[in-house]
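In the working numbering, the protein residues as written are 864 to 1109. We treat Cβ as the ideally placed atom computed from N, Cα and C, and that holds for glycine. In what follows, a structure is listed as structure tokens, so that the remarks can point back to it.
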């Protein structure tokens, strides 16, 4: 079953063509990595898929629904979740508050503004479960800013997963992590249920080739290769353009 279809998607910033007529589809449960040199249009493509940017042309379909013109929050309610390259947690709020706000944000109960968030038993129980799984229960009342960078990155990714998304978008999940922390992120992604569809942008080739079933290579906003890790690794054009090899 198709979870995502991008057709002829383009984005211009003035005279710069950041994404140029990109077309691909993703099946439910796929692990797809998008790679390419700096400035290839990878993050811009994720921003278009998730609604942070409006497309210049082309279309985006999510489980058969045209979401090209939908704002980000509506795409979230349809089942998209996103972890950003720059951590987007509320640094001054506690770890528990961050979890509660995330879980509460996509539920209909978010409109009940005069009831304390702790009063929603299902949300609170899910938050407790999430923090215990992460090993952060003892730090639940501490500001997020006191967590180590790797803990914050792991928390952000797991908050996306806690929403039980149909599509998880990961932008540079290993950015700024140590080797050991990067291996933990690989373990998190590999441990996802087979029904979870994941689209990853990352420069860490170890992570990409370890977790991706399929790799899409962008260059100057265009797809130059699309295939299995073995096919991408042996592709002459990818080696010449992306890896700088003769």
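Asked, Found
"Three-state secondary structure (DSSP) of residue 988", "helix"
"Beta-carbon proximity check, residue 1074 vs residue 1049, cutoff 7 angstroms", "yes"
"Beta-bridge pairing of residue 928 - partner residues as DSSP gives them", "925"
"For residue 1091, three-class secondary structure by DSSP", "coil"
"Residues bridged to residue 1040 (per DSSP)", "Answer by DSSP bridge pairing: none, since residue 1040 is not bridged."
"Assigned secondary structure, residue 1066 (DSSP; H/G/I helix, E/B strand, else coil)", "coil"
"Inter-residue Cα distance where the pair is residue 974 and residue 967", "At residue 974 the pLDDT is 46, less than 50, meaning the model places this residue with poor confidence; the figure from the coordinates comes in the next sentence. Distance between the alpha carbons of residue 974 and residue 967 is about 10 angstroms."
"Touch test, the region 935-944 against the region 1086-1098, Cβ-Cβ under 8 angstroms, three pairs minimum", "no"
"4 or more residues per run - each alpha helix (DSSP H) lying fully within the region 1003-1034", "1012-1025"
"Other residues of its chain near residue 1082: CB distance less than 8 angstroms, five sequence neighbours each side excluded", "899, 900, 903, 1104 and 1105"
"Simplified DSSP assignment, three categories, for residue 1074", "helix"
"Residue 1010 versus residue 955: straight-line alpha-carbon distance, rounded", "11 angstroms"
"Where the alpha helix (DSSP H) through residue 913 begins and ends", "905-913"
"Burial state of residue 928, where buried means 16 or more other Cβ atoms lie within 10 Å", "exposed"
"Residue from 876, 875, 881 and 896 with nearest C-alpha to residue 1076", "896"
"Cross-strand partners of residue 894 (DSSP beta bridge)", "1061"
"C-beta contact flag for residue 943 and residue 1030 at 7 angstroms", "yes"
"Counterpart residues of residue 888 in DSSP-defined beta bridges", "868"
"Neighbourhood of residue 878 by C-beta, 8 angstroms cutoff - its chain only, sequence neighbours within 5 removed", "none"
"Where residue 944 sits in the DSSP three-state scheme", "strand"
"Same chain, Cβ closer than 6 angstroms to residue 1070, five either side skipped, listed in chain order", "1037 and 1049"
"Nearest-angstrom Cα separation, counted from residue 1102 out to residue 1046", "25 angstroms"
"Contact between the region 916-927 and the region 1090-1099 (3+ Cβ pairs under 8 angstroms)", "no"
"Residue range of the unbroken alpha helix (DSSP H) whose run includes residue 1103", "1099-1104"
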